[in-house]
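Heads up, the thing below is written out as structure tokens.
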Amino acid sequence: MKGRIVFLGNNVRDEDGQVTLFGDLSSAPVTMEASRMCDAFGLLSGQAIEQADAEQAYIQSPLGGTETYIRLPKELQPDSWKHMRDPVCKLVMSLYGHPDAGGFWQAHCKNALESVGFIEVSESWQSLFYHPELKVMMAVYVDDFKASGPVEALKKAWTLARSKIRTGAPTPIGRYLGCHHNVVELKDRRVIEYDMHDFLEQCVSHYKKVCGEDVDKLPEEDDNEPGKLADAACSVLMKVLYGARLARFDLLKAVAGLASKVTKWSVSFDKRLFRLMCYINDSKGLKMRGYVGRDDKAEDLFLRLFADADFAGCRDTARSTSGVFLGTYGKNTFVPVAAQAKKQSCVSHSTPEAELVAANLALRTQGLPALEVFDKVFGRKVNLFFEEDNNTAISTIKAGYSNTMRHLGRTHRWVPREQKVEADALMNEEFDGFDANKRVMVDFDNLPLKVIPSLMTKLQTMISTQPTVLRHITFNKCTNAKQEDPGSRKEDMLAAGDSLVRGSSMFGAADEKGGVLEEAWRSERRAEKEKPCVAVEFGTFLGYSAIKMARVLGPNARIISFEMDPEVACLALNMIEFAGMSDAIEVWIGQSEDLVCRLARELGPRSVNMVYMDHNQITYHQDFAQLEAMQMLAKDSLLAATQGLKPGAPLLLWRLAEGQKLGRYEFEVVSSPDCGCKQMEDWVVLARFRADNGSQDWSPPEPPREISLLAAECNLM
């Protein structure tokens with residue numbers, strides 16, 4: 059028979075006899091996801107998973123805060139107190155039942171572990187610790203300790219922890235948090251089974267006890283008739299939910315659906331709860347399994363995150379339910395980490411919209427937080443592969459926007475780096491052991507030079523419009539680049555572009571036109587102590603012009619380049635990083651009208667000193683007008699635009715000509731041979747914006763019909 063002395067927390071008074079209010083210093087035990095991460099780490103070859111219980115955990119920690127005095131039961135009072143009328147004694151340790159006992163125990167436990175070399179993985183993963191020297195993970199759930207790591211290091215880790223915290227002797231993992239963890243040794247892998255057979259039997263017994271209703275006597279389904287099991291349903295569902303979150307992910311959706319109905323329970327839900335308990339009773343022997351291959355190393359492991367949604371699955375609210383699954387994977391590895399089934403808080407208008415809401419939940423609550431743990435434990439950047447099965451949602455994520463979902467505001471800007479399925483096998487074949495599980499869009503600095511040409515060959519199938527450019531630059535890198543010298547890298551990138559445009563018109567800032575632009579750009583170069591020059595480029599392409607601009611403007615410059623195509627932007631980012639210009643050049647992805655709005659939010663009015671346009675010439679006048687209307691142009695800011703004559707930007711020229719009559723602009727057109735064809739002429743448009751002359755929100759008169767027709771013809775070139 060066991061007994062426990064507790065603090066009567068519901069009867070705490072101050073010196074005036076008033077009920078005491080505490081600061082709610084609650085504890086944050088380790089999550090179930092973190093516990094399974096420990097399991098995945100401990101299944102690696104040469105490693106193990108062990109557990110131990112703290113002895114009388116709370117009363118190992120001192121009680122802080124306001125001094126508290128307690129009355130002891132008479133049978134526990136010493137004889138020396140018999141002459142006292144109402145004796146009390148000071149509570150020194152965190153006795154179970156005190157509202158703040160859990161918080162003080164957690165603080166004590168954290169301080170104790172950190173004093174012997176453990177570190178908390180991060181603020182978002184409280185009670186999950188890692189010892190960087192011993193390579194041991196430790197998860198603490200109140201008084202239950204779980205540790206995983208190399209076998210010999212585990213012994214040292216337990217010795218260190220037990221020198222500060224009293225625990226029982228460590229044992230191999232077994233029953234932990236009510237779940238049996240069975241580790242099975244197979245020839246090619248180590249398997250862990252999560253078995254909650256006993257607990258689920260308790261759930262069924264609890265249902266029979268609290269419901270006490272013979273199902274045969276339940277009436278037919280009726281959504282309007284109040285259910286007879288309404289009072290008991292909550293306790294049954296919450297008990298089942300614990301087992302579902304620990305080891306029975308197949309129950310999550312059903313439990314979540316019924317739990318959302320506890321306040322409006324009907325006879326229909328009586329039936330549904332009965333069916334759920336029948337399923338649990340018949341399937342309580344099911345076990346969740348994970349395994350790690352004996353040949354898999356820590357560097358082989360990565361995360362895979364799945365998200366899905368049922369469109370308008372709730373017939374009452376038309377809301378969808380988000381489904382999330384996160385697992386640890388490898389060549390011969392699969393360990394489940396987390397799963398969620400959560401009703402969405404909004405009503406989606408289409409399946410892709412519901413899928414995007416589910417994707418947000420998956421990345422925000424599971425994927426990105428998990429990376430914190432794995433990056434810290436494995437000492438490297440761990441890959442997270444996000445899996446989505448809706449083509450429209452995939453296209454929207456890649457592009458960053460969707461015309462059919464304009465009602466959804468964008469709050470995050472990111473570069474999707476997509477791994478093509480067909481490229482995986484090609485990389486395995488060509489890369490001489492290079493990790494084929496890494497992204498195709500990789501950092502060039504981490505690749506051996508000999509694999510760059512073959513990688514570029516694979517990428518050409520993805521970026522069909524830029525193969526010649528990409529091949530030329532990357533092959534030039536392989537033969538000329540000095541990786542230890544960033545300055546050399548920048549010059550090699552520019553030399554590659556300069557040599558390429560002799561037979562191509564893909565770069566607008568090279569050759570003779572490049573000379574005109576450089577001369578104009580030099581006027582914007584800032585001294586080191588001056589305010590930095592902010593330059594905005596429309597059309598990144600492969601980053602050649604941005605790199606040249608950064609070289610001309612010098613170190614005291616910030617270049618923001620707009621690119622609509624995410625895949626092209628990824629390539630440009632790699633080129634810019636290889637050139638050593640990542641600190642000076644930013645690539646923003648999306649439609650120009652959206653990015654100008656973002657520019658206004660982040661930089662404020664009159665912050666842009668220079669604008670370079672080399673994208674779609676038919677929208678030059680619109681993009682420049684938007685910069686003016688949002689008051690982004692600083693006084694005397696420079697506009698430089700190529701393709702003024704070929705294919706032609708007549709509407710921009712009309713705007714500048716009309717504005718010059720009012721003193722808004724001063725502009726000139728510089729004739730230059732077209733890149734790639736010396737016999738053809740092109741114009742470089744150079745203009746100065748005079749911010750003090752009139753309102754920035756100005757529109758020119760309607761252009762003559764001939765200019766409008768010319769603009770339409772230019773758009774067809």
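Residue numbers (this note's numbering): 59 to 775. Cβ coordinates follow ideal geometry from the N, Cα and C atoms, glycine included. All figures in this text were calculated on a predicted structure; none of them were measured in a lab.
Over what stretch of residues does the beta strand (DSSP E) that includes residue i continue unbroken?
i: Asn667; result: 666-671
i: His189; result: 183-189
i: Lys693; result: 691-699
i: Asp366; result: 360-368
i: Thr409; result: Unbroken run through Thr409 is the alpha helix (DSSP H), 409-420; no beta strand (DSSP E).
i: Gly591; result: Per the sequence presented here, residue 591 reads as Cys, with Gly not at that position. Its beta strand (DSSP E) spans residues 591-596.
Determine, using beta carbons only, whether residue i and residue j come nearer to each other than 9 Å.
i: Gly425; j: Leu359; result: no
i: Gly351; j: Asn390; result: yes
i: Ile107; j: Lys213; result: no
i: Val313; j: Val325; result: no
i: Leu696; j: Glu588; result: no
i: Ala707; j: Cys772; result: yes
i: Ser119; j: Met151; result: yes
i: Lys704; j: Asp672; result: no
i: Leu192; j: Gly175; result: yes
i: Val294; j: Cys269; result: yes
i: Ile676; j: Glu644; result: no
State the Cα-Cα distance for the pair residue i and residue j, rounded to the nearest angstrom.
i: Lys319; j: Gly122; result: 42 Å
i: Ser766; j: Glu595; result: 26 Å
i: Arg438; j: Val393; result: 19 Å
i: Phe383; j: Tyr234; result: 22 Å
i: Gly155; j: Gly371; result: 43 Å
i: Met622; j: Val743; result: 23 Å
i: Glu430; j: Phe187; result: 12 Å
i: Asp355; j: Ser182; result: Inspection of the sequence shows that residue 355 is occupied by Lys rather than by Asp. Rounded to the nearest angstrom, the two C-alpha atoms are 27 Å apart.
i: Ala115; j: Asp201; result: 6 Å
i: Leu484; j: Val440; result: Bear in mind that the predicted position of Leu484 carries a pLDDT of just 26, short of 50, making it unreliable; the figure below should be weighed with that in mind. In a straight line, the C-alpha of Leu484 is about 22 Å away from that of Val440.
i: Asp256; j: Cys237; result: 9 Å
i: Leu600; j: Ala630; result: 4 Å
i: Thr700; j: Leu710; result: 11 Å
i: Phe16; j: Arg303; result: Here the chain covers residues 59 to 775 and nothing more, so residue 16 does not appear.
i: Ala288; j: Asp328; result: 8 Å
i: Leu244; j: Leu134; result: 55 Å
i: Pro511; j: Asp308; result: In this predicted model, Pro511 has a pLDDT of only 46, less than 50, meaning its place in the structure is not dependable enough to derive any value.
i: Ser729; j: Asn614; result: 30 Å
i: Gly104; j: Pro208; result: 6 Å
Looking at the structure shown, is residue i part of a helix, part of a strand, or coil, going by DSSP?
i: Leu344; result: coil
i: Arg475; result: Residue confidence for Arg475 is low, a pLDDT of 45 falling below 50, so the modelled location carries little weight; the figure read from the coordinates is stated next. Coil at Arg475, not helix or strand.
i: Trp808; result: As shown, the chain starts at 59 and ends at 775. That puts residue 808 outside it, with no answer to give.
i: Trp712; result: helix
i: Gln649; result: coil
i: Arg94; result: helix
i: Cys404; result: coil
i: Gln684; result: helix
i: Ala115; result: coil
i: Met335; result: helix
i: Lys311; result: helix
i: Met738; result: strand
i: Gly232; result: coil
i: Gly702; result: helix
i: Phe65; result: coil
i: Ile250; result: strand
i: Asp328; result: helix
i: Pro131; result: coil
i: Leu258; result: helix
i: Glu577; result: helix
i: Asn495; result: At Asn495, the pLDDT of 30 sits below 50, so the modelled position is not reliable and the matter cannot be decided from this model.
i: Glu582; result: coil
i: Leu768; result: helix
i: Thr677; result: helix
How is the alpha helix (DSSP H) around residue i delimited, first residue to last?
i: Gly437; result: Where Gly437 is concerned, there is no enclosing alpha helix (DSSP H), given that its DSSP letter is neither H nor E.
i: Val209; result: 209-220
i: Asp447; result: From DSSP, Asp447 is part of no alpha helix (DSSP H); its letter is neither H nor E.
i: Gly385; result: Run containing Gly385: none in the alpha helix (DSSP H); it sits in the beta strand (DSSP E), 379-388.
i: Ser293; result: 288-305
i: Glu726; result: Here Glu726 belongs to no alpha helix (DSSP H); instead the beta strand (DSSP E) covers 723-732.
Problem set entry | Segments of 4+ residues assigned as alpha helix (DSSP H) that fall wholly inside the region 598-646 | 602-611, 624-636
Exercise. Could you give the uninterrupted runs of the alpha helix (DSSP H) lying entirely in the region 136-186, keeping only those of 4 residues or more?
Worked result: 159-173
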